[in-house]
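The next block holds one structure in the form of structure tokens; read it before the comments.
In the working numbering, the protein residues as written are 581 to 960.
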């Protein structure tokens, strides 16, 4: 779909270039034909001043180019008229009359215009392509000191694995869930300055658990905020959303990272809080899109399968990287899980993968979801 759009755009620009260049050439021919008659300036009546109804809305008026001396001259006797002076002979003439100069200047202006048009239209319009991942990294506290996942290595060790996974998949942006302080510290220290995170530790221990990380050589942060979303038993926790600007194309994209609460014997029944959270998160995506016009990615651990898909895509404003319906009767994709990547409809998804393979199964108890995203440039 992206390739077809690019080819169509290129064809349209070539067609437009051809039309504009044809108009420029026609203007050059017209200027030569009307500007000089028999090697002398064609005598024409002075143009009438434009009436009020002919004045453009911006207050400017369109008139023929003025001669080099624009002040009105007094009436001349017949012998002093330009034609009479020419008849008397002007041996000191340079041999290039005003008509030739005007024609030459017109030719140069037309050529400059043609060159500017060609240069402008030949600039390549580049779509913004990036790779985004949702990654529940399994919090450090789950794997040490009485945690419920003792079979896994420590958060420090597994964060090193997480960085290897990100490099392997060449991810540009990742939504991290269960990202605890020691994991954030290790991530930034071992990341070699290639990554930044939000909120990281900026909001304390509660904020860091759901962070967004991005490659600093690919993206620059423009805006960073959080949404107070319901978690276990309805307690509100900050969940981040950031506006990033692509360094190569200048395209801005919003990324929202969420983690909705599971239900279990220890934490209780939290379905209504999941539903409440999903509604808030979808509403946020819609507001960001309406307010800025920028594409929006909503990703994370929803702790819901088909229900999460139907709630997010049912309004017809977002699609899932995994496929499935958009609006209308809900038809979830075959690849169902609780971890998702969704995007507004100006984002095209390709190469969706949900996998536990290789190092992933040692780094976390979740699969990773990764997809290529493509945003076409605004043609308006």
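Built from N, CA and C at the ideal position, the CB exists for glycine as well.
Predicted, not measured: the structure shown is a model, and the values here were computed from it.
Anyone know if the C-beta pair for residue i and residue j falls short of 9 Å?
i	j	result
residue 781	residue 749	no
residue 838	residue 898	no
residue 826	residue 951	no
residue 929	residue 912	no
residue 735	residue 763	yes
Tell me, which residues are paired with residue i by DSSP?
i	result
residue 900	922
residue 882	Beta-bridge pairing links residue 882 to no other residue.
residue 776	794
residue 715	756
residue 877	835, 923
residue 709	954
Give me the residue from the options with the minimum Cα distance to residue i.
i	options	result
residue 798	910, 769, 833, 791	833
residue 791	902, 775, 756, 770	756
residue 919	804, 892, 784	892
residue 922	946, 794, 858, 942	858
residue 813	887, 855, 847, 879	847
residue 949	778, 844, 861, 717	717
residue 819	840, 740, 883	840
residue 806	924, 823, 941, 885	823
residue 767	875, 876, 743, 721	743
residue 864	786, 877, 956, 852	877
residue 874	783, 706, 927	927
residue 730	783, 953, 943	943
residue 705	829, 736, 774, 770	829
residue 789	801, 802, 772, 765	765
Taking buried to mean at least 16 other C-beta atoms within 10 Å of its own C-beta, is residue i buried or exposed?
i	result
residue 618	Confidence at residue 618 is low in this model, with a pLDDT of 44, below 50, so its placement is unreliable and the value that follows should be read with caution. Exposed, by the Cβ-count rule.
residue 758	buried
residue 871	exposed
residue 884	buried
residue 719	buried
residue 947	buried
residue 854	buried
residue 850	buried
residue 671	Because residue 671 sits at a pLDDT of 46, beneath the cut-off of 50, its placement in the model cannot be relied upon, and the point is left open.
residue 901	buried
What ranges does the alpha helix (DSSP H) occupy inside the segment 785–872, keeping only unbroken runs of at least 4 residues that lie completely in it?
785–788, 851–872
What ranges does the beta strand (DSSP E) occupy inside the segment 908–957, keeping only unbroken runs of at least 3 residues that lie completely in it?
Runs of beta strand (DSSP E) with 3 or more residues, each lying fully within the segment 908–957, are found at 919–924, 927–935, 948–955, listed in chain order.
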